[in-house]
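Written out below as structure tokens is the structure these notes cover.
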Amino acid sequence: MERKKWNIEKIISFWILLFFAVLFMIPIIWVFLSAFKVDAELNRAGGFLFLPQTWTLQNFIEVLDPKNVKVPIYKWFGNSIVVSFIYTVLSVIIVSMSAYAYGKLKFAGRDLLFLSVLFISSFPSIVNIVPLYHTMKLFHWVNTPMALIFPGLAGTFHIFLVKQFMLGIPDSVIEAGKIDGAGDIRIFFKLVFPMLKPILVVVGIFSFTGIWNDFLWPSIIINDVEKLTLTAGLQLARGTYETFVSKLSAVSVVSIVPMIILYCFAEKWLVKGVQISAGVKG
1 MERKKWNIEK
11 IISFWILLFF
21 AVLFMIPIIW
31 VFLSAFKVDA
41 ELNRAGGFLF
51 LPQTWTLQNF
61 IEVLDPKNVK
71 VPIYKWFGNS
81 IVVSFIYTVL
91 SVIIVSMSAY
101 AYGKLKFAGR
111 DLLFLSVLFI
121 SSFPSIVNIV
131 PLYHTMKLFH
141 WVNTPMALIF
151 PGLAGTFHIF
161 LVKQFMLGIP
171 DSVIEAGKID
181 GAGDIRIFFK
191 LVFPMLKPIL
201 VVVGIFSFTG
211 IWNDFLWPSI
221 IINDVEKLTL
231 TAGLQLARGT
241 YETFVSKLSA
251 VSVVSIVPMI
261 ILYCFAEKWL
271 VKGVQISAGV
281 KG
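Position 36 of the sequence shown, counting from 1, maps to 36 under the UniProt record's numbering, and the rest follow consecutively.
Written out as structure tokens, the structure is:
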């Protein structure tokens, strides 16, 4: 009886998850298919002709044209790659070191400081826009990649995530390093850091996708068109191709594809890292 009940619950859960998966996938599939359509098809029947009647690559050829100065997608793509890569590397290092300090080091006020950080992070990020802009202006970082990279490096959620994972690392590992005469920095990089690989891959993926998909902050802090990131540039492309939905779809596909490739290669580590409860076997 219990087995039958469990199977029914599993079947219901499967169909609910399948429903929401299809619900979220339909707009993405529509964008991909629209990128291969001509505008006449999109204007017909309100654009709800699902499969293209005439497949074309002309939309991609036009938006990816290096001579297209209105929508310099190559420069936007390059800016996004550079900013996202540097941000991800620095974020992984800073987050892991912060989590090590909060999780394994003992110092006065550690728990109170961590709770304070968690409390501050509960405020909506939008309230920081004005003071953050003035801070970047003080550092002369407005309209530079520095303003995109440095704010938000020490993500509180990521620190909490790594800290929880780090609790599964036996203290005996750290004690053994101290007995051998190693300092905290050496213990972290030589002993602790390699054990954090699964969760750091998750942090890296979240960091990369977060900065890649960020639209609001790059749109505010970057004034030069050629210095925009790809996601922020979509707004400019929208103004240029306002009546050409197929070309807007092509630009959107170009911005989505790197994320799909990233998830395909990192899926194993993503699933493994999320299973925090498994911890580290000592």
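The beta-carbon is built from N, C-alpha and C at its ideal position, and this holds for glycine as well.
Here residue 147 really is in contact with residue 136; their C-beta atoms are around 4 Å apart, less than 8 Å. Sequence-distant partners of residue 246 (beyond 5 residues in either direction) whose C-beta falls short of 7 Å from its own C-beta, in its chain, are 34, 35, 37, 38, 39, 42, 59. Assigned with DSSP and collapsed to three states, residue 27 falls in helix. Under the 10 Å beta carbon count, residue 204 is surrounded by 16 or more other beta carbons and is classified as buried. With at least 16 other beta carbons inside 10 angstroms of its own, residue 229 counts as buried.
The continuous alpha helix (DSSP H) containing residue 134 extends over residues 129-138. Contact between residue 158 and residue 206 holds, with the beta-carbon distance rounding to 7 Å and staying under 8 Å.
A residue is called buried when at least 16 other Cβ atoms come within 10 angstroms of its Cβ; residue 200 meets this threshold and is buried.
Counted as a single uninterrupted DSSP element, the stretch harbouring residue 67 is not any alpha helix (DSSP H), since DSSP gives it neither H nor E.
At the C-beta level, residue 208 and residue 88 come within 8 Å of one another. Residues 145, 148, 149, 211, 229 of the same chain have their beta carbon placed closer than 8 Å to that of residue 83, with the five preceding and five following residues left out of the count. Residue state for residue 57 is assigned as coil, using DSSP reduced to three classes. Residue 129 places its beta carbon less than 8 Å from that of residue 220.
Shown here, residue 37 sits in coil according to DSSP, grouped into three states, outside any helix or strand.
Taking every protein chain shown into account, the CB of residue 215 has fewer than 16 other CB atoms within 10 angstroms, so this residue is exposed.
The beta carbon of residue 255 sits closer than 7 Å to the beta carbons of 230, 231, 234 from its chain, once the five residues preceding and following it are set aside; these are given in chain order. Cβ contact annotation for residue 96 (same chain, cutoff 7 Å, sequence separation greater than five): 162, 193, 196, 200, in chain order. With fewer than 16 other Cβ atoms inside 10 Å of its own Cβ, residue 239 counts as exposed.
A distance below 7 Å between beta-carbons, with the five flanking residues on each side excluded, links residue 227 to the following residues of its chain, in chain order: 79, 143.
In the displayed model, residue 142 falls within coil according to three-state DSSP, outside both helix and strand. Following the DSSP letters along the chain, one finds residue 203 inside the alpha helix (DSSP H) bounded by residues 197-213. It is roughly 35 Å from the alpha-carbon of residue 252 to the alpha-carbon of residue 11.
In the three-state reduction of the DSSP assignment, residue 122 falls in the coil class. According to the DSSP assignment, residue 175 belongs to the alpha helix (DSSP H) that extends over 171-179.
Residue environment: residue 124 is assigned as exposed (fewer than 16 neighbouring CB atoms within 10 Å of its CB, all protein chains considered).
Take the alpha-carbon of residue 72 and the one of residue 217: they are about 20 Å apart. By a beta-carbon distance limit of 8 Å, residue 177 contacts residue 191. Their separation comes to about 5 Å. A residue is called buried once 16 or more other Cβ atoms fall within 10 Å of its Cβ, and residue 92 is buried on that count.
Beyond the five residues adjoining it in sequence on each side, residue 31 comes within less than 8 Å, by CB distance, of 249, 252, 253, 256 in the same chain, given in chain order.
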